[in-house]
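J.: Could you have a look at this structure, given as structure tokens, before my questions?
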Amino acid sequence: MNKYAAELLDVCGQAVLVVDPDTLLVEYANAETGMLFECNAETLLGRSMFDLDTGLQEQFFWEEIRSGLTSGAPRLEGTLRTLRGLERHVVKTVSRRTLAGRTRIVVTARDISSERAAEELAARSASLFAATLESTADALLVLDLIDRVLHFNRNFAKTFGLSLEQIESRESRSILEGARAGFDTPEAWDALLTLGRQEPETAHRQTLALSDGRWLDCSQRPQNLHGQVIGRIWSFSDVTDRMRREEALLAARDAADSANRAKSQFLSAMSHELRTPLNAILGFSQLLELDDLPSQRESLQTIRQAGEHLLALIDEVLDLARIEAGRIDLRIQQVSVEEVVAEAIALTRPLAQQHDIEITAEIPSNLIAMADPRRLRQVLINLISNGAKYNHQLGTVTVRARPGSPATCVTIEIADTGIGIPAEDFDKLFQPFSRIPNAPHHVEGTGLGLALVWRLIQLMSGNVRVESELGTGSRFIVELPAG
Ligand code: ADP
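Numbers in our numbering are just positions in the sequence shown, counted from 1, shifted up by 1.
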């Protein structure tokens with residue numbers, strides 16, 4: 002072979018070997034062959050193909066070549082071992098040629114190890130992807146941008162009860178039809194599918210009912226590849242339990258609401274009915290008191306006191322019922338805190354005097370709150386009377402007010418030096434008819450005052466809370482929007 006041809010063969014980009022057809026010994030190997038076998042090409046000369054092409058199939062193949070049963074193969078894929086023992090994937094051609102008048106076997110080979118590795122990697126990630134889809138609890142469906150089904154998992158087929166035929170057909174139309182048929186209102190599913198097609202970059206989600214009573218949360222997200230949306234991934238999760246619980250909760254809430262409305266209406270009607278005869282009893286007992294008959298004085302006083310207590314109770318029940326039925330009209334306006342506190346103190350002073358309690362007030366004169374003045378007075382009367390009722394003898398009730406923090410609110414504090422309230426009873430305080438067993442039995446009360454206070458203050462967009470120390474006293478803190 003001349004030098005030019007030899008150099009050309011060395012740079013032709015694949016391994017070329019010439020083999021004696023009878024002995025299968027290598028007669029020629031170009032430089033590329035040396036690289037393939039990790040040796041100098043010359044060391045290959047004189048070696049047998051049985052030593053170089055070591056796979057079992059290859060051994061048979063070379064045996065057939067030697068015995069003339071085959072003249073070669075256009076393209077063969079296989080492995081070969083380098084002289085250092087490394088295994089390489091190659092694609093080779095083996096052909097019988099006449100070179101310079103002699104029959105020779107010409108072998109060409111190309112290393113495809115890295116291509117194979119890439120293919121294996123791709124296959125592994127594809128099966129990993131499929132396994133991941135299978136092991137998710139949700140039903141999954143992958144669509145391209147024109148609603149062709151690219152993939153779905155077994156859960157999807159199970160959720161929509163797809164037939165074996167539909168699954169095996171892998172036909173987009175049949176699969177989507179199968180899913181559509183499962184929905185209670187297939188039009189809702191159509192609309193969701195259309196939305197996904199029209200806005201593939203956006204995530205969409207909706208809970209839809211299936212015709213067999215189950216509920217599915219259908220959620221669709223864009224599938225991105227290199228920053229581009231190439232399709233959409235749908236996931237469907239069974240939310241039947243959650244929907245049933247929500248339905249039951251809604252039904253229970255509606256039932257409770259209507260029972261509550263009925264109760265409020267009943268209370269409101271009853272309170273009116275009770276009030277009329279009671280006013281008559283009170284009026285007539287006052288008239289009789291004017292006669293001042295010593296024998297009747299005590300009995301009349303008892304009738305009047307009992308009547309007044311009952312009237313207070315009815316008024317509070319009526320107010321609560323009105324609030325709960327949403328039938329209370331508040332006239333929120335700018336209110337001088339100083340004035341309302343002064344009125345409330347004036348009205349509670351007789352009660353405080355009965356208990357030997359002193360009431361004092363520290364109110365800045367320019368303090369303005371947004372409130373209904375009549376209702377705020379009612380709140381303050383309740384809190385100040387409680388301060389007086391649940392106090393020690395010769396105790397005090399102090400009403401303080403100041404701009405709150407933030408300055409958008411006003412704080413009014415009613416502090417007493419009384420018996421205090423156990424901390425564990427704080428949250429019961431504002432519930433109707435809850436009287437805390439901290440007070441001596443003879444203290445009169447309905448257990449409704451604080452419930453009213455809480456509701457009225459809430460309606461005036463304010464807040465009320467309590468701080469207390471047993472035996473030392475309590476502090477009710479009312480916060481209202483500043484005017
Ligand atoms: P009542 O008509 O019984 O006073 P309230 O709703 O006004 O009803 O108060 C509920 C209960 O909270 C009272 O029965 C009393 O046990 C307790 N309470 C209220 N205010 C005070 C206070 N300033 N000090 C101690 N206990 C109080």
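Beta carbons are placed, not taken as given, at the ideal position from N, Cα and C, and that holds for glycine.
Do you know offhand how far Leu250's Cα is from Gly419's?
T.: The sequence position of residue 250 within the sequence shown is 249, counting from 1. The sequence position of residue 419 within the sequence shown is 418, counting from 1. Going by the C-alpha atoms only, they are around 43 Å apart.
J.: How big is the Cα-Cα spacing for Pro187 and Arg181?
T.: As a position in the sequence shown, residue 187 is number 186, starting the count at 1. As a position in the sequence shown, residue 181 is number 180, starting the count at 1. Answer to the nearest angstrom: the Cα atoms are 5 Å apart.
J.: Are the CB atoms of Arg233 and Leu144 nearer to each other than 7 Å?
T.: Your numbering for residue 233 matches position 232 in the sequence shown. Your numbering for residue 144 matches position 143 in the sequence shown. It is a contact, given that the beta carbons lie within the stated cut-off.
J.: For a test of the three-state rule: what should DSSP assign to Asp417, helix, strand or coil?
T.: Against the sequence shown, residue 417 aligns to sequence position 416. Here Asp417 sits in strand by DSSP.
J.: Are Arg149 and Ser173 closer than 7 Å when you measure CB to CB?
T.: Along the sequence shown, one-based indexing puts residue 149 at 148. Along the sequence shown, one-based indexing puts residue 173 at 172. Yes, Cβ-Cβ distance for Arg149 and Ser173 is below 7 Å.
J.: By the three-class DSSP mapping on this structure, what secondary structure does Met244 have?
T.: As a working note, residue 244 is residue 243 in the sequence shown. In this structure, Met244 counts as helix in the three-state DSSP scheme.
J.: Rank Asp417, Val398 and Arg125 by C-alpha distance to the C-alpha of Glu470 and give the top, closest one.
T.: Within the sequence shown, residue 470 is the residue found at index 469, counting from 1. Ranking Asp417, Val398 and Arg125 by Cα distance to Glu470 puts Asp417 first.
J.: Does the distance from the CB of Ile385 to the CB of Ile415 come in under 7 Å?
T.: Counting from one through the sequence shown, the residue named residue 385 turns up at place 384. Counting from one through the sequence shown, the residue named residue 415 turns up at place 414. Yes, these two residues count as a Cβ contact at 7 Å.
J.: Taking 7 Å as the threshold (C-beta atoms), are Gly448 and Phe434 in contact?
T.: Locating residue 434 in the sequence shown gives position 433, counting from the first residue. Locating residue 448 in the sequence shown gives position 447, counting from the first residue. The answer is yes: Cβ separation under 7 Å.
J.: Using DSSP bridges, identify the partner residues of Gly73.
T.: Here residue 73 refers to the residue found at position 72 when the sequence shown is read from its first residue. Ser96.
J.: To which residues does DSSP link Phe237 through a beta bridge?
T.: Position 236 of the sequence shown, counted from the first residue, corresponds to residue 237. Answer by DSSP bridge pairing, in chain order: Ala140 and Cys219.
J.: Cα separation between Gln266 and Leu275?
T.: Here residue 266 corresponds to residue number 265 of the sequence shown, with the count starting at 1. Here residue 275 corresponds to residue number 274 of the sequence shown, with the count starting at 1. Their Cα atoms are separated by approximately 14 Å.
J.: Which two residues bound the contiguous beta strand (DSSP E) that contains Thr397?
T.: Along the sequence shown, read from residue 1 onward, the residue named residue 397 stands at position 396. Segment Thr397 to Pro404, the beta strand (DSSP E) holding Thr397.
J.: Excluding five sequence neighbours on each side, which residues of the same chain lie with their C-beta closer than 6 Å to the C-beta of Asp357?
T.: Here the question's residue 357 lines up with position 356 in the sequence shown. Hits under 6 Å: Gln394 and Leu395.
J.: By Cβ distance, which residues of its chain are closer than 8 Å to Phe51, with the 5 residues on each side in sequence left out?
T.: For this step, residue 51 is matched to residue 50 along the sequence shown. Result list for Phe51: Leu25, Gln60 and Trp63, in chain order.
J.: At which residue ranges does the stretch 116-177 contain complete alpha helix (DSSP H) runs of 4 or more residues, listed in the order of the chain?
T.: Runs of the alpha helix (DSSP H) inside the stretch 116-177: 155-160 and 165-170.
J.: Under three-state DSSP, which class holds Ser435?
T.: For the purposes of this step, residue 435 is taken as residue 434 along the sequence shown, with counting starting at 1. Looking at Ser435 - three-state DSSP - the assignment turns out to be coil, as it is neither helix nor strand.
J.: I want to know whether the stretch 110-123 touches the stretch 9-24 - three or more CB-CB distances under 8 Å.
T.: Touching, per the Cβ criterion.
J.: Given the structure, does Pro187 come close to ligand 2, in the sense that its CB is under 6 Å from one of the ligand's heavy atoms?
T.: With respect to small molecules bound, the structure shown includes ligand 1 and not ligand 2.
J.: If we count the other Cβ atoms within 10 Å of its Cβ and call it buried at 16 or more, is Gly228 buried or exposed?
T.: As a first step, residue 228 must be located in the sequence shown, where it is residue number 227. With fewer than 16 Cβ atoms within 10 Å of its Cβ, Gly228 is classed as exposed.
J.: Spatial neighbours of Thr83 within its chain, please: C-beta separation below 6 Å, excluding the five flanking residues on both sides.
T.: On the sequence shown, position 82 is the one that residue 83 refers to. The answer, listed in chain order, is Phe38 and Glu39.
J.: Considering only the alpha carbon of each residue, which of Leu81, Thr104, Leu77 and Ser220 lies closest to Lys93?
T.: Here the question's residue 93 lines up with position 92 in the sequence shown. Taking only the C-alpha atoms, the option nearest Lys93 is Leu77.
J.: If you run the structure through DSSP and keep just helix, strand and coil, what is Pro201?
T.: For this step, residue 201 is matched to residue 200 along the sequence shown. Note: Pro201 maps to coil in three-state DSSP.
J.: Would you give the residue range spanned by the beta strand (DSSP E) that Asn464 belongs to?
T.: Against the sequence shown, residue 464 aligns to sequence position 463. Taken as a continuous stretch (DSSP letters only), the beta strand (DSSP E) holding Asn464 covers Asn464 to Glu470.
J.: Among the residues of its own chain, which have a CB less than 8 Å from the CB of Asn280, if the five just before and after it don't count?
T.: Numbered from 1 along the sequence shown, position 279 holds the residue referred to as residue 280. Closer than 8 Å at the Cβ level, and outside the excluded window around Asn280, lie Leu312.
J.: How long is the line joining the alpha carbons of Val318 and Ser269, rounded to whole angstroms?
T.: Numbered from its first residue, the sequence shown carries residue 318 at position 317. Numbered from its first residue, the sequence shown carries residue 269 at position 268. Cα to Cα, the separation comes out at about 8 Å.
J.: Let me know the beta strand (DSSP E) ranges lying completely inside the stretch 262-288, each 3 residues or longer, listed in chain order.
T.: If we require 3 residues or more, the stretch 262-288 turns out to have no beta strand (DSSP E) run fully inside it.
J.: Please tell me whether Thr412 and Glu480 are closer than 7 Å, where the distance is taken between their beta carbons.
T.: Taking the first residue of the sequence shown as position 1, residue 412 is located at position 411. Taking the first residue of the sequence shown as position 1, residue 480 is located at position 479. Yes; because the gap between Cβ atoms is below 7 Å, this pair is in contact.
J.: Which same chain residues end up closer than 6 Å to Ala507 when comparing Cβ atoms and leaving out the 5 residues on each side of it in sequence?
T.: Examination of residue 507 is not possible in this model, given that the chain is present from 2 through 484 alone.
J.: Could you say which of Ile360, Ala326 and Gly484 lies nearest to Ala257 if we only look at CA atoms?
T.: Taking the first residue of the sequence shown as 1, we reach residue 257 at position 256. Nearest of Ile360, Ala326 and Gly484 to Ala257, Cα basis: Ala326.
J.: Tell me Asp112's beta-bridge partners as DSSP assigns them.
T.: Position 111 of the sequence shown, counting from 1, holds the residue named residue 112. Paired residues: Val91.
J.: Using the C-alpha atoms, what's the distance from Met461 back to Ala260?
T.: Within the sequence shown, the letter at position 259 stands for residue 260. Within the sequence shown, the letter at position 460 stands for residue 461. Spanning the two alpha carbons is a distance of roughly 26 Å.
J.: Cβ of Gly448 within 6 Å of any heavy atom in ligand 1?
T.: Taking the sequence shown and counting its residues from 1, the one referred to as residue 448 is at position 447. Indeed, a heavy atom of ligand 1 lies less than 6 Å from the Cβ.
J.: Say yes only if the C-beta of Gly183 is nearer than 6 Å to one or more non-hydrogen atoms of ligand 1, and no if none qualify.
T.: Residue mapping note: residue 183 aligns to position 182 of the sequence shown, counting from 1. No, Cβ of Gly183 sits at least 6 Å from all heavy atoms of ligand 1.
J.: Within the present structure, is the beta-carbon of Ser462 separated from the nearest heavy atom of ligand 1 by less than 6 Å?
T.: Stepping through the sequence shown from its first residue, residue 462 is reached at position 461. For ligand 1, not one heavy atom lies less than 6 Å from the Cβ of Ser462.
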